[in-house]
Amino acid sequence: MKKNNSNYKINTSLEFRTNKEQKGHRKFTFGIVFGIGVVMLACVCVLLLLREYDFDIDNLIGRTPETTETSETTVITPTLEGSATFLLVCSDDDSKYLHHAAIANVSLSEGKIRIYTLDAEDVVQANGFNGSLSKHLSHGGMVQLRSAVESLTGVTVSRYIRATDSSFKGLIKIFGGVPCNVKEKVRYSVDGVGYIIEKGEQTLTPDISYKYMYYLSQRNENKPETMSGFLSDMLCAFLTQENYAKADKIFKSLVNILDTDISAFDFSNNKVSLGQFIAETEGTKAELVKNTDSFNRQYE
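Written out as structure tokens, the structure reads:
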């Protein structure tokens with residue numbers, strides 16, 4: 002006889018249980034399943050309750066939550082403090098004649114520039130040499146003149162800037178001229194050559210600016226304008242936000258034509274403060290003062 006095994010499964014596990022054992026087993030199995038269900042239901046209820054009170058379930062199960070980072074940039078404007086005093090000089094190329102000298106105090110904390118005019122013929126002793134400021138320049142250059150000015154005024158000079166006959170026009174050219182109010186029609190001659198500068202508001206070209214500077218530097222108490230007044234106009238025209246935007250280029254051009262001890266480090270170290278000072282004072286002309294009482298608060 003052939004047996005067909007395709008419809009049969011062989012149970013290799015054989016157990017013998019009495020009716021009482023089978024009933025006990027069923028009760029035990031039901032108890033375990035029921036207990037697991039109760040525990041799971043309780044866990045779900047607890048989790049829902051915790052979520053209701055803003056409990057972070059991600060922290061409970063150890064999952065790192067996804068965060069969206071937002072960055073905000075806070076610009077802190079520094080408070081400007083201190084001041085610096087600059088010796089401003091205009092002379093001939095050979096340092097024999099001092100056309101004009103002034104000290105300008107730049108007060109960052111006050112937002113002011115003060116200019117005190119020096120007389121080239123004032124006599125003072127410095128470094129063992131006695132003579133006029135003009136003589137000090139010809140005797141020992143800007144270093145000697147700086148010492149003489151400090152002895153004369155009692156003011157510590159932070160840095161000096163000198164323009165000469167040949168560099169003055171280049172200085173004005175860098176800034177594109179000087180807006181100026183010529184208070185009266187100017188007529189004068191130099192070496193037999195006559196010059197005329199019309200009265201009124203105008204932008205002086207480099208050449209006319211040089212001629213006007215030369216005219217103002219002459220010793221004439223009747224002039225309605227002074228060289229320091231013209232210097233104030235120049236600073237007002239130069240210290241603008243438009244020029245500050247190209248400050249690096251301008252500084253490189255200036256140090257190539259002017260005699261100055263302002264270094265690249267000085268410029269970079271104070272550039273931000275200069276920009277803030279210009280933003281706060283643009284269009285304000287320097288104050289012409291008759292003493293140097295406020296000049297001794299040095300830049301910190």
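Position 5 of the sequence shown, counting from 1, maps to 6 under the numbering used here, and the rest follow consecutively.
All residues carry an ideal CB built from backbone N, CA and C; glycine is no exception.
Asked, Found
"Can you list, in chain order, the residues of its chain with a C-beta nearer than 7 Å to that of V179? Leave out the 5 residues immediately preceding and following it.", "I173, T204, L205, S210, D234, M235, A238"
"Exposed or buried, N106, counting other C-beta atoms within 10 Å across all chains shown (16 or more means buried)?", "buried"
"Determine the closest residue to E290 out of I251, K113, Y213, K200, with distance taken between C-alpha atoms.", "Here residue 290 is Val; the residue named in the question, Glu, does not match the sequence. Out of I251, K113, Y213, K200, K113 has the C-alpha closest to the C-alpha of V290."
"Mind checking who I162 pairs with in its DSSP beta bridge?", "L89, T261"
"Would K184 and E226 be called neighbours here (beta carbons separated by less than 7 Å)?", "yes"
"Using the C-alpha atoms, what's the distance from E151 back to N104?", "The residue asked about is misnamed: residue 104 is Ile in this sequence, not Asn. Straight-line Cα distance between these residues: approximately 10 Å."
"Classify G142 as buried or exposed, calling it buried when 16 or more other Cβ atoms lie within 10 Å of its own Cβ.", "exposed"
"Pull the bridge partners of L205 from the DSSP assignment, please.", "V179"
"If we call anything under 7 Å between Cβ atoms a contact, is I162 one with L240?", "no"
"Exposed or buried, what is T157 when buried is set at 16 or more other beta-carbons lying within 10 Å of its beta-carbon?", "exposed"
"For G155 and D294, I'd like the C-alpha separation in whole angstroms.", "9 Å"
"Applying the 10 Å Cβ sphere with the 16-neighbour rule, what's the burial state of I197?", "exposed"
"Tell me the rounded alpha-carbon separation between K1 and V144.", "Examination of residue 1 is not possible in this model, given that the chain is present from 2 through 301 alone."
"What's the C-alpha gap between S108 and S168?", "27 Å"
"Under 7 Å, do L138 and S96 count as touching if we go by C-beta distance?", "yes"
"Closer than 6 Å by C-beta to E122: which residues in its own chain qualify, once you throw out the five before and the five after it? Chain order, please.", "S133"
"Starting from Y196 and walking both ways along the beta strand (DSSP E), at which residues does that stretch end?", "194–198"
"Measure the C-alpha to C-alpha separation of N244 and S264 and round it to an integer number of angstroms.", "19 Å"
"Three-state secondary structure (DSSP) at F296?", "coil"
"Once DSSP output is grouped into helix, strand and coil, what is the label at N106?", "strand"
"Which whole-angstrom value describes the C-beta separation of C181 and F231, a residue pair presumed to lie in contact below a C-beta threshold of 8 Å?", "7 Å"
"Starting from the C-beta of T86, find all residues in its chain whose C-beta is less than 6 Å away, skip the five residues before and the five after it, and write them out in chain order.", "I104, N106, V156, V158, S159, F296"
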